[in-house]
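Structure first, then comments.
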Amino acid sequence: MVAFIVLGALLLAAGVGVVTLRQPVHAALSLVGGILALAAMYVTLEAHFLAAIQVIVYAGAVMVLFLFVIMLLNVGSTPTRSLPWLKPVAWVTGLLAVAGVAAVVFMVQRPLPELEVVQAALRGGNADAIGESLFSDYLLAFHLVGVLLLVGILGAVALVQQAAPETRAVATRTATPDGEGAEPRPVLAGEES
Amino acid sequence: MTDLVRWAALAPFLALAGAVINGLFGRSLRGNAAGVVASLAVAAGFVLSALAFLGVREVGAVRVDLGDFLVAGDFTLGLGFHLDQLSVLMMLIITGVGLLIHVYSIGYMQGDDGFSRYFAKLNLFVAAMLVLVMADSYPLMFVGWEGVGVCSFLLISFWYEDLANANAGRKAFIVNRVGDVGFLLAMFLTFRAFGTLDVQAVNAAAPGFAYGAPVLTGIGLLFLVAAAGKSAQLPLHTWLPDAMAGPTPVSALIHAATMVTAGVYLIARTGGVFANAPDAAATVVWVAVLTALMAAIVAVGQTDIKKILAWSTISQVGFMVAAVGAGAYWAGIFHVLTHAFFKALLFLGAGSVIHALGGEQDVRKMGGLGRKMRTTGVTALIGTLAIAGVPFLSGYFSKDAILGALLSSGPLGGYGAEALFGLLMVTAGLTAFYMFRWYYLVFAGEPRSKAEFERAHESPAVMTVPLVILAVGSVVIGYLGLPAFLAPNWLQGWLAPVSAEVDLAHLSTSAEWLLLLGSVAVAAIGLGLGYWVYAVGGGALARRFAATPLANASRGAFGFDALYRVLFTGPGEAGAAGIAALDRDVVDRGVSGSAGLIPLLGRLLVRLQSGYVRAYAFAMLLGAAALVLLVALIGVFA
Amino acid sequence: MVPTEYYVALSAVLFALGCIGVLTRRSAIMLFLSVELMLNAANLAIVAFARQWSAAGAQHALGGQTAVFIVLAIAAAEVAVGLGILVAIFRNRVSTDVDLLSEVRA
Numbered sequence: 326m327v328a329f330i331v332l333g334a335l336l337l338a339a340g341v342g343v344v345t346l347r348q349p350v351h352a353a354l355s356l357v358g359g360i361l362a363l364a365a366m367y368v369t370l371e372a373h374f375l376a377a378i379q380v381i382v383y384a385g386a387v388m389v390l391f392l393f394v395i396m397l398l399n400v401g402s403t404p405t406r407s408l409p410w411l412k413p414v415a416w417v418t419g420l421l422a423v424a425g426v427a428a429v430v431f432m433v434q435r436p437l438p439e440l441e442v443v444q445a446a447l448r449g450g451n452a453d454a455i456g457e458s459l460f461s462d463y464l465l466a467f468h469l470v471g472v473l474l475l476v477g478i479l480g481a482v483a484l485v486q487q488a489a490p491e492t493r494a495v496a497t498r499t500a501t502p503d504g505e506g507a508e509p510r511p512v513l514a515g516e517e518s
Numbered sequence: 057m058t059d060l061v062r063w064a065a066l067a068p069f070l071a072l073a074g075a076v077i078n079g080l081f082g083r084s085l086r087g088n089a090a091g092v093v094a095s096l097a098v099a100a101g102f103v104l105s106a107l108a109f110l111g112v113r114e115v116g117a118v119r120v121d122l123g124d125f126l127v128a129g130d131f132t133l134g135l136g137f138h139l140d141q142l143s144v145l146m147m148l149i150i151t152g153v154g155l156l157i158h159v160y161s162i163g164y165m166q167g168d169d170g171f172s173r174y175f176a177k178l179n180l181f182v183a184a185m186l187v188l189v190m191a192d193s194y195p196l197m198f199v200g201w202e203g204v205g206v207c208s209f210l211l212i213s214f215w216y217e218d219l220a221n222a223n224a225g226r227k228a229f230i231v232n233r234v235g236d237v238g239f240l241l242a243m244f245l246t247f248r249a250f251g252t253l254d255v256q257a258v259n260a261a262a263p264g265f266a267y268g269a270p271v272l273t274g275i276g277l278l279f280l281v282a283a284a285g286k287s288a289q290l291p292l293h294t295w296l297p298d299a300m301a302g303p304t305p306v307s308a309l310i311h312a313a314t315m316v317t318a319g320v321y322l323i324a325r326t327g328g329v330f331a332n333a334p335d336a337a338a339t340v341v342w343v344a345v346l347t348a349l350m351a352a353i354v355a356v357g358q359t360d361i362k363k364i365l366a367w368s369t370i371s372q373v374g375f376m377v378a379a380v381g382a383g384a385y386w387a388g389i390f391h392v393l394t395h396a397f398f399k400a401l402l403f404l405g406a407g408s409v410i411h412a413l414g415g416e417q418d419v420r421k422m423g424g425l426g427r428k429m430r431t432t433g434v435t436a437l438i439g440t441l442a443i444a445g446v447p448f449l450s451g452y453f454s455k456d457a458i459l460g461a462l463l464s465s466g467p468l469g470g471y472g473a474e475a476l477f478g479l480l481m482v483t484a485g486l487t488a489f490y491m492f493r494w495y496y497l498v499f500a501g502e503p504r505s506k507a508e509f510e511r512a513h514e515s516p517a518v519m520t521v522p523l524v525i526l527a528v529g530s531v532v533i534g535y536l537g538l539p540a541f542l543a544p545n546w547l548q549g550w551l552a553p554v555s556a557e558v559d560l561a562h563l564s565t566s567a568e569w570l571l572l573l574g575s576v577a578v579a580a581i582g583l584g585l586g587y588w589v590y591a592v593g594g595g596a597l598a599r600r601f602a603a604t605p606l607a608n609a610s611r612g613a614f615g616f617d618a619l620y621r622v623l624f625t626g627p628g629e630a631g632a633a634g635i636a637a638l639d640r641d642v643v644d645r646g647v648s649g650s651a652g653l654i655p656l657l658g659r660l661l662v663r664l665q666s667g668y669v670r671a672y673a674f675a676m677l678l679g680a681a682a683l684v685l686l687v688a689l690i691g692v693f694a
Numbered sequence: 314m315v316p317t318e319y320y321v322a323l324s325a326v327l328f329a330l331g332c333i334g335v336l337t338r339r340s341a342i343m344l345f346l347s348v349e350l351m352l353n354a355a356n357l358a359i360v361a362f363a364r365q366w367s368a369a370g371a372q373h374a375l376g377g378q379t380a381v382f383i384v385l386a387i388a389a390a391e392v393a394v395g396l397g398i399l400v401a402i403f404r405n406r407v408s409t410d411v412d413l414l415s416e417v418r419a
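Chains as they are written, first to last, in the numbering used here: chain A, 326 to 518; chain B, 57 to 694; chain C, 314 to 419.
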């Protein structure tokens with residue numbers, strides 16, 4: 326219980342930080358903290374493998390990527406308002422939603438199974454347990470996720486490629502040695518032909 | 057023999073076929089073909105009517121069933137024709153005079169754009185009128201009744217490009233409609249009282265009611281309203297003078313010889329009811345006599361060659377209605393017969409004049425035309441003398457019969473028969489007076505307009521031959537109804553089987569002779585007075601009295617049109633304008649206003665499409681939250 | 314052990330915070346961060362429920378955790394592609410302001 330309270334507080338703080346901090350790097354780092362706290366929370370829920378994966382994939386890869394992009398794009402702090410009504414409305418709606426969900430959740434209370442039962446079923450949420458489930462019951466999902474990842478990779482590469490035409494043109498311009506290229510050369514200001 | 061009569065049932069359908077042929081294909085028929093087709097249809101009808109006449113003479117009344125029209129529970133309304141002495145006689149008049157007028161029209165309407173349309177409508181009229189007189193039940197009679205009303209409207213506004221003509225047709229139709237309401241109400245009352253609408257059955261059952269029973273009086277009065285509408289009696293007479301806007305042959309056929317006599321026919325057919333409802337009968341006679349007198353006064357002051365004849369028709373129909381109201385059905389029908397001949401003759405003669413003068417209708421511009429239009433002039437003179445009641449011509453005998461009927465009618469006893477008689481005698485004198493004026497101003501004396509006189513010429517044979525035939529008829533036909541005390545009265549005997557039982561006293565022989573001579577005297581006085589006023593000194597006396605109140609009232613037709621305008625048409629038009637304004641401002645605005653709601657709604661909704669992703673995201677969030685809430689509450693997963 | 318409801322309530326709070334972030338933030342990157350927060354909140358709820366279902370058997374319980382595993386993978390792929398798109402957009406326009414990116418106007 327103590328662990329839950331502590332970790333819960335950390336998570337809340339991280340969430341609020343993501344939402345309210347102005348500097349993007351600060352917000353990203355806040356989220357990293359939250360992810361780590363979440364990983365710890367997974368451990369309390371007998372999902373050890375997931376906790377590890379959470380740290381490795383999320384904190385280690387995804388957030389790093391985020392920070393890379395933030396620094397690459399040199400994103401500044403948020404500029405002027407254009408939908409002023411949205412902020413208060415969003416907060417109110419959010420709070421109402423939370424209240425509603427909490428009320429509903431606490432209305433339907435089921436007794437938790439015994440710790441022994443949980444540990445027996447989950448087997449600590451270890452890699453072999455997850456792997457067994459993944460490769461037998463959810464094999465199709467596993468394969469589809471693989472395809473999804475492939476598509477994601479290709480998409481990312483393609484997105485990057487689109488930006489390339491200028492660089493390719495620059496490359497061909499400087500790379501014709503004999504003047505045998507039949508393609509018309511774009512004339513740039515100040516260039517001698 | 058019975059079969060011979062049954063063939064007559066074809067007559068209206070032949071006329072209808074003629075109307076359809078001319079209506080659909082008339083435009084492609086060349087020359088006078090449309091007129092010939094129409095005339096042939098009517099001629100065939102005439103032949104059938106003649107055969108039916110011979111047949112009925114042998115075997116009496118014949119029923120021709122056309123099938124059941126309406127079957128509702130116990131009640132069956134069958135359509136059928138009832139051909140008896142009266143209907144066959146009317147059929148002969150309709151088809152005979154109709155045939156002559158059709159032939160005349162071929163000449164009169166020559167060159168008109170609507171040549172085939174005219175004949176289609178004329179044939180349609182003949183068909184409807186035949187149905188009217190052949191019907192065995194009131195509803196079928198009403199079909200014919202309405203049919204002739206429609207055709208009258210169509211033909212009055214024949215030259216509809218001129219708004220005045222269209223208005224005249226509309227006026228005729230609407231005034232007729234008032235009468236039609238009377239007919240309908242009478243039918244309702246009849247059905248309620250008698251349980252049947254068969255004419256013969258109603259007449260047979262009428263004596264079963266108490267003498268003068270209110271229901272019979274009510275039926276009688278309602279039928280009087282109907283007759284007043286169709287036959288142009290007070291107060292529904294205002295349409296007939298306006299109806300002169302139609303082609304003259306139409307005026308001759310419809311508004312002289314046949315349609316206006318439909319009211320007379322109706323009352324004669326319902327004789328059983330009237331014979332047992334003396335109040336209603338007396339009302340009929342009083343209305344008719346007053347109409348006759350008023351119309352005769354008005355005729356004196358008219359200046360249009362056709363309007364004079366129109367008012368004369370109103371007056372003469374008053375004579376007929378008075379006769380049938382008094383119970384002397386044969387006398388009324390007799391006058392129908394004679395009037396058909398001489399009034400058609402007079403109208404066709406007027407048409408001949410109008411045709412010759414290229415459309416001129418004002419008698420003040422005519423005069424002396426008899427010298428240039430010999431046949432027309434002579435036949436018109438014969439017609440004038442006939443209508444004036446000159447002895448030995450047909451009008452004399454029929455008028456005499458009517459006047460005698462008034463004196464001898466039993467049911468009319470306590471209702472002022474002598475006064476009525478006196479008024480009708482005065483009217484007879486006035487008839488001679490104004491008809492003399494008509495003839496003199498048009499055909500005799502000095503021409504008042506050189507141009508018109510030069511233009512006048514005799515009409516072609518196709519128009520003058522019917523005039524001659526009608527003139528001969530005007531002379532001869534009267535001998536069918538000679539005064540009974542002198543010679544056998546064929547007509548009275550012929551119509552006896554279909555006339556209701558009415559107490560008609562026999563006048564003493566001396567009274568009869570007095571009546572005969574009195575009629576002659578009245579006619580002579582009328583003609584003489586006419587000569588004195590209009591012929592002597594070029595009409596000096598006429599001019600002297602032109603400004604008197606009576607003369608003004610005569611010219612203005614006693615102001616009925618103005619009265620009706622104030623009472624009915626004015627408020628009616630105001631009401632219509634009000635409703636039109638309501639429709640325009642409230643209904644139309646409301647509809648287009650509600651159409652304006654849509655753009656308004658659109659403008660409101662368009663704000664949702666701000667283009668801001670965050671706003672869209674918010675909307676999605678709200679929707680998803682609502683869905684989840686709904687599911688949680690309903691417990692779908694429970 | 315802590316009852317499942319607490320975890321779910323916490324997850325709800327985090328999810329709501331993530332939504333608020335999505336709606337409130339103007340920079341596309343920050344928007345993405347909030348989306349990641351939402352995903353994590355959902356994962357937390359699933360894992361909590363997975364523990365709850367262990368009474369029904371190992372298959373159901375582990376199925377929950379497997380689901381979270383797959384969601385992680387999806388989130389990673391999504392971030393990669395999303396950031397790629399973001400970079401592509403940023404090359405053409407100077408700002409990453411989401412409001413200014415809108416071309417679907419009323």
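Note that beta-carbon positions come from the ideal geometry of N, C-alpha and C, so glycine has one too.
DSSP state of residue 293(B) mapped onto helix, strand, coil: The residue given as residue 293(B) occupies position 237 in the second sequence. Reduced to three states, the DSSP call for residue 293(B) is coil.
Amino acids of chain A, ordered along the chain, whose beta-carbon sits closer than 7 Å to that of residue 681(B): To locate residue 681(B), count along the second sequence from 1; it is residue 625. For residue 681(B), the residues of chain A that pass the 7 Å Cβ criterion are 422, in the order they occur in the chain.
Short CB-CB distance (under 9 Å) between residue 688(B) and chain C: Locating residue 688(B) in the second sequence gives position 632, counting from the first residue. It does not; no Cβ of chain C falls within 9 Å.
Chain C contact for residue 670(B) (CB, 9 Å cutoff): The count along the second sequence starts at 1 and reaches residue 670(B) at position 614. Yes - at least one Cβ of chain C is within 9 Å of the one on residue 670(B).
Test item: CB-CB of residue 547(B) and residue 393(B) under 9 Å: Position 491 of the second sequence, counted from the first residue, corresponds to residue 547(B). Position 337 of the second sequence, counted from the first residue, corresponds to residue 393(B). The answer is yes: Cβ separation under 9 Å.
Cβ-based burial, residue 494(B) [other Cβ within 10 Å; buried from 16]: As a working mapping, residue 494(B) is identified with position 438 in the second sequence. Here residue 494(B) is buried: its Cβ has 16 or more other Cβ atoms, across all protein chains shown, within 10 Å.
Inter-residue Cα distance where the pair is residue 385(A) and residue 412(A): In the first sequence, the residue the question calls residue 385(A) occupies position 60. In the first sequence, the residue the question calls residue 412(A) occupies position 87. One C-alpha to the other measures close to 32 Å.
Per-residue DSSP class, three states only, for residue 561(B): The sequence position of residue 561(B) within the second sequence is 505, counting from 1. Looking at residue 561(B) - three-state DSSP - the assignment turns out to be coil, as it is neither helix nor strand.
Residue ranges of each alpha helix (DSSP H) within the stretch 195–266 of chain B, 4 or longer: 219–250 and 255–261
Given 8 Å, three or more beta-carbon pairs between the stretch 359–370 of chain C and the stretch 328–341 of chain C: no
Validate contact between the stretch 291–299 of chain B and the stretch 359–371 of chain B using beta carbons, cut 8 Å, 3 pairs: yes
CB contact check: residue 656(B) to chain C, cutoff 9 Å: To locate residue 656(B), count along the second sequence from 1; it is residue 600. No, because no Cβ of chain C sits closer than 9 Å to the Cβ of residue 656(B).
Sub-9 Å separation of residue 326(B) and residue 232(B) beta-carbons: In the second sequence, the residue the question calls residue 326(B) occupies position 270. In the second sequence, the residue the question calls residue 232(B) occupies position 176. No, Cβ-Cβ distance for residue 326(B) and residue 232(B) is not below 9 Å.
Own chain residues within Cβ distance below 6 Å of residue 134(B), not counting five before or after: Along the second sequence, read from residue 1 onward, the residue named residue 134(B) stands at position 78. Taken in chain order, the residues that qualify are 124.
Those runs of the alpha helix (DSSP H) which lie wholly inside the stretch 335–367 of chain B and span at least 4 residues: none
N-terminal and C-terminal residue of the alpha helix (DSSP H) that residue 391(B) is part of: Residue numbering aside, residue 391(B) sits at position 335 when the second sequence is read from its first letter. 385–412 is the span of the alpha helix (DSSP H), which, as asked, contains residue 391(B).
For residue 137(B): DSSP bridge partner residues: Here residue 137(B) is taken as the residue at index 81 of the second sequence, counted from 1. In the DSSP output, where bridge partners are listed per residue, residue 137(B) has 120(B) and 191(B).
Residue-level contact to chain C via CB, residue 685(B), 9 Å cutoff: Translated into positions along the second sequence, residue 685(B) becomes position 629. Taking Cβ atoms only, chain C never reaches closer than 9 Å to residue 685(B), which makes this a no.
Assigned secondary structure, residue 126(B) (DSSP; H/G/I helix, E/B strand, else coil): Here residue 126(B) corresponds to residue number 70 of the second sequence, with the count starting at 1. Residue state, collapsed to three classes: strand.
Straight-line gap, residue 489(B) to residue 280(B) (C-alpha atoms, nearest Å): The count along the second sequence starts at 1 and reaches residue 489(B) at position 433. The count along the second sequence starts at 1 and reaches residue 280(B) at position 224. When rounded, the distance between both Cα atoms is 29 Å.
Residue 381(B) vs residue 312(B) beta-carbon contact at 9 Å: Taking the first residue of the second sequence as 1, we reach residue 381(B) at position 325. Taking the first residue of the second sequence as 1, we reach residue 312(B) at position 256. No.
Interface partners of residue 429(A) on chain B, CB under 7 Å: In the first sequence, counting from the first residue as 1, residue 429(A) sits at position 104. For residue 429(A), the C-beta contacts it makes with chain B under 7 Å involve 688, in order along the chain.
Residue 462(B) versus residue 420(B) - alpha carbon distance: For this step, residue 462(B) is matched to residue 406 along the second sequence. For this step, residue 420(B) is matched to residue 364 along the second sequence. Using only the alpha carbons, I get a separation of about 38 Å.
Exposure of residue 682(B), with buried meaning 16 or more beta-carbon neighbours within 10 Å: To locate residue 682(B), count along the second sequence from 1; it is residue 626. Classification for residue 682(B): exposed.
Segment contact, 8 Å Cβ cut-off, at least three pairs: the stretch 503–521 of chain B with the stretch 420–430 of chain B: With the cut-off at 8 Å, the stretch 503–521 of chain B and the stretch 420–430 of chain B touch.
Option nearest residue 443(B) by Cα separation, candidates 620(B), 531(B) and 685(B): What you label residue 443(B) is simply residue 387 of the second sequence in a count that begins at 1. Out of 620(B), 531(B) and 685(B), 531(B) has the C-alpha closest to the C-alpha of residue 443(B).
Residue-level contact to chain C via CB, residue 426(A), 9 Å cutoff: Here residue 426(A) is taken as the residue at index 101 of the first sequence, counted from 1. At a cut-off of 9 Å between beta-carbon atoms, residue 426(A) makes contact with chain C.
Cβ pair count under 8 Å reaching 3, the stretch 379–394 of chain C against the stretch 412–431 of chain A: no
Range of the contiguous alpha helix (DSSP H) that encloses residue 455(B): As a first step, residue 455(B) must be located in the second sequence, where it is residue number 399. Residue 455(B) -> alpha helix (DSSP H) spans 450–464.
Residue 378(C) classed as buried or exposed, judged by whether at least 16 other C-beta atoms fall within 10 angstroms: Within the third sequence, the letter at position 65 stands for residue 378(C). Label assigned to residue 378(C): buried.
Test: residue 677(B) CB closer than 9 Å to a CB of chain A: To locate residue 677(B), count along the second sequence from 1; it is residue 621. Judged by the 9 Å Cβ criterion, residue 677(B) is in contact with chain A.
Spatial distance of residue 497(A) from residue 471(A) (CA atoms): On the first sequence, residue 497(A) is found 172 positions in, with the first residue counted as 1. On the first sequence, residue 471(A) is found 146 positions in, with the first residue counted as 1. In this predicted model, residue 497(A) has a pLDDT of only 49, less than 50, meaning its place in the structure is not dependable enough to derive any value.
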